[in-house]
Amino acid sequence: MINYPTKKKVTNINKIKNTANQGMALEDMINRTNEYYALHNIALVNKRPTNVKILKTSDKYKITDAVFLTPSTLDYVGVCEGYYLDFEAKETVSTKGFPMTNIAVHQINAMKDIIKHKGITFAIIFLRAYNEIYLIDGQVLIESFNNNIKIIPYETIKEIGTLIKEGYFTPVDYIKVVKEKYFAK
Numbered sequence: 691m692i693n694y695p696t697k698k699k700v701t702n703i704n705k706i707k708n709t710a711n712q713g714m715a716l717e718d719m720i721n722r723t724n725e726y727y728a729l730h731n732i733a734l735v736n737k738r739p740t741n742v743k744i745l746k747t748s749d750k751y752k753i754t755d756a757v758f759l760t761p762s763t764l765d766y767v768g769v770c771e772g773y774y775l776d777f778e779a780k781e782t783v784s785t786k787g788f789p790m791t792n793i794a795v796h797q798i799n800a801m802k803d804i805i806k807h808k809g810i811t812f813a814i815i816f817l818r819a820y821n822e823i824y825l826i827d828g829q830v831l832i833e834s835f836n837n838n839i840k841i842i843p844y845e846t847i848k849e850i851g852t853l854i855k856e857g858y859f860t861p862v863d864y865i866k867v868v869k870e871k872y873f874a875k
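First residue of the sequence shown: 691, per the numbering used here; consecutive thereafter.
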């Protein structure tokens, strides 16, 4: 059982395992891209670790009980050309679009705080059904959340999002999109 600091309890650890690795393909691509960015002095972006306390393991060192010490914020944090970046990586297999249930309240609140302090926040969303990756501005996600939108339709994502193309050395060349979208202003 994993106990959240907000007293939200998840009683079935297998349920967590089934969804926890859903975004791993995208995160792996972003991590490899970030390594390239760091190596070539393009940007310094790191995966933010999740603050977890392990309570119990099995005889094979498999975690069987753990608690989140604090709610996680967003997945990645970094800097590029003096701009603060803080963003979330999400995947979905939905053909309809991006389900807003994939974004937690504390993540929306983190995005609000980042915008308030003039940082850049967004989500990189991998639509597996279309094999497309989009950058969606944090303000769009906040407004969708505030308006109780359940799903951002695929057609809307194509209109409001920016398609991230694979670079030659970068599986998810998001910094190119970030520079075009945020640095020119």
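Glycine residues also receive a C-beta, built at the ideal position from the N, C-alpha and C atoms.
Helix, strand or coil, according to DSSP, for residue i in the structure here?
i      : result
Gly851 : coil
Lys743 : strand
Phe859 : coil
Ala715 : helix
Ala756 : strand
Tyr751 : coil
Tyr727 : helix
Tyr872 : helix
Tyr878 : Given a span of 691 to 875 for the chain in the structure shown, any question on residue 878 remains unanswerable.
Ile720 : helix
Ile804 : helix
Ile793 : coil
Looking only at DSSP bridge pairs, what is residue i linked to?
i      : result
Asn736 : Val767
Lys780 : Ile815
Leu775 : Gly768 and Ile810
Phe835 : For Phe835, which the question treats as bridged, DSSP gives no partner whatsoever.
Gly787 : Pro843
Assuming residue i and residue j make a contact with CB atoms under 8 Å, what is their CB distance in whole Å?
i      : j      : result
Val867 : Cys770 : Contact flag wrong, Cβ pair sits at about 11 Å.
Tyr727 : Ile865 : 6 Å
Val735 : Tyr766 : 5 Å
Lys786 : Pro843 : 6 Å
Asn721 : Lys746 : Contact flag wrong, Cβ pair sits at about 29 Å.
Asp863 : Gly809 : Not quite, the Cβ-Cβ distance comes to about 21 Å (not below 8 Å), so this is no contact.
Thr852 : Lys840 : With a Cβ gap of about 23 Å, Thr852 and Lys840 do not count as contacting.
Phe835 : Ile804 : 15 Å between Cβ atoms; not a contact.
Could you tell me which of the options sits nearest to residue i, measuring between CA atoms?
i      : options                           : result
Lys743 : Ala819, Arg722, Tyr766 and Asp755 : Asp755
Leu764 : Lys786, Gln797 and Val757         : Gln797
Asn799 : Tyr872, Glu725, Phe788 and Phe812 : Phe812
Asn838 : Thr852, Ile804, Pro789 and Asp749 : Pro789
Tyr824 : Lys840, Lys750, Gly768 and Glu778 : Glu778
Asp827 : Ile854, Asn821 and Lys840         : Ile854
Val830 : Gly857, Tyr820, Lys802 and His807 : Lys802
Asn821 : Ile832, Ile732, Glu833 and Glu856 : Glu856
(request) Would you check if there are 3 or more beta carbon pairs closer than 8 Å linking the region 714 to 733 to the region 839 to 848? (result) no
(request) Count the CB pairs spanning the region 782 to 796 and the region 808 to 819 that are closer than 8 Å, and state whether there are at least three. (result) yes
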